[in-house]
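Engineer:
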Amino acid sequence: MSLGLELETEQAEVQRLTAELRVWRDAQGAGWSPRESEDTATRRAEEAAQWEAERRELDTSLTEQRLKVSQLKSAAAEDGQNAKELAQEVQRLALRAQSTQRLARQRQKEVKEEL
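With positions in the sequence shown counted from 1, the corresponding number in the numbering used here is that position plus 128.
#1: Any idea if Val197 is buried or exposed, counting beta-carbon neighbours within 10 angstroms, 16 or more meaning buried?
#2: Should Gln193 go down as buried or exposed, given a rule of 16 or more other Cβ atoms within 10 Å for buried?
#3: Which value, in whole angstroms, describes the spacing of the CA atoms of Ala225 and Glu241?
#4: By how many angstroms is the C-alpha of Thr191 removed from the C-alpha of Gln219?
#5: May I ask you to report which of helix, strand or coil DSSP gives Leu243?
#6: Quick check: Leu145 and Ser189, are their CB atoms within less than 8 Å of each other?
#7: Within the same chain, show all residues whose beta-carbon is closer than 7 Å to that of Ser130, passing over the 5 residues directly before and after it, in chain order.
#8: Three-state secondary structure (DSSP) at Ser130?
So, in structure tokens, the structure goes:
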């Protein structure tokens, strides 16, 4: 998978996880809690624990995805820098080759004139 495609995939996953976490937070902020919909204390505690576990999992997943995106962006930047350095080296070598060819032609001319 190309670096760009992998970066897009990871960024899409970050967006998905962010949206999921937003839904969870909105439900909590609207005054709804899992406990209000249950009759028994055990059931309320189980549901609250599940919600909290899901929130922690979403937070963890989101953090991991953001780290992956950051690493991919760094890798892409590094690849770009490497490509730039290689292009500069190729250009330097091309100029050197031109200079060498010019010197060779000049030397050939001098040799012909001497003969």
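Every residue, glycine too, gets a C-beta built ideally from N, C-alpha and C.
Structural biologist: Taking the geometry as given:
#1: Counted from its first residue, the sequence shown places residue 197 at position 69. So Val197 counts as buried.
#2: Looking up residue 193 in the sequence shown gives position 65. The residue in question, Gln193, is buried, as its Cβ has 16 or more Cβ neighbours within 10 Å.
#3: Translated into the one-based positions of the sequence shown, residue 225 becomes position 97. Translated into the one-based positions of the sequence shown, residue 241 becomes position 113. Their Cα atoms are separated by approximately 24 Å.
#4: By one-based count along the sequence shown, residue 219 stands at place 91. By one-based count along the sequence shown, residue 191 stands at place 63. Rounded to whole angstroms, Gln219 and Thr191 show a C-alpha spacing of 42 Å.
#5: Reading the sequence shown from its first residue, position 115 is the one you call residue 243. Three-state result, Leu243: coil.
#6: If you number the sequence shown from 1, residue 145 lands on position 17. If you number the sequence shown from 1, residue 189 lands on position 61. Yes, the Cβ-Cβ distance between Leu145 and Ser189 is below 8 Å.
#7: Within the sequence shown, residue 130 is the residue found at index 2, counting from 1. No residues qualify anywhere along the chain.
#8: Translated into the one-based positions of the sequence shown, residue 130 becomes position 2. Taken through DSSP and simplified to helix, strand or coil, Ser130 comes out as coil.
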